[in-house]
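Residue numbers (the working numbering): 5 to 84.
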């Protein structure tokens, strides 16, 4: 059992989100459907983060899994 996420990529994932739609961001880094959860976190001790879009817009989901503002990018990847 591990509680350290895997870096999926050292850059954010730009995604056009739909107002009111719920997304589940992968927190473990193992999902094959990045940046979203596909259930790969089983037995990692990590759980996906629920994100409900406040508006139709482009957001940047964290790819490095180190953001303090998860599920969104805060630039942490630039320090890795």
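Note that the Cβ used here is the ideal one computed from N, Cα and C, for glycine as well.
Worksheet item: Would you report the Cα separation of residue 47 and residue 54, rounded to the nearest angstrom?
Response: 19 Å
Fill in: Exposure of residue 50, with buried meaning 16 or more beta-carbon neighbours within 10 Å
buried
Fill in: Spatial distance of residue 17 from residue 60 (CA atoms)
16 Å
Fill in: For residue 31, the nearest candidate out of 77, 82, 83 and 84 (CA to CA)
With distances taken between CA atoms, residue 31 lies nearest to 77 out of 77, 82, 83 and 84.
Fill in: Paired residues, beta bridge with residue 90 - DSSP
Lying outside 5 to 84, the shown extent of the chain, residue 90 is not represented and no answer is given.
Discussion item. Taking its Cβ as the centre, do 16 or more other Cβ atoms sit within 10 Å of residue 52, making it buried, or is it exposed?
Written reply: buried
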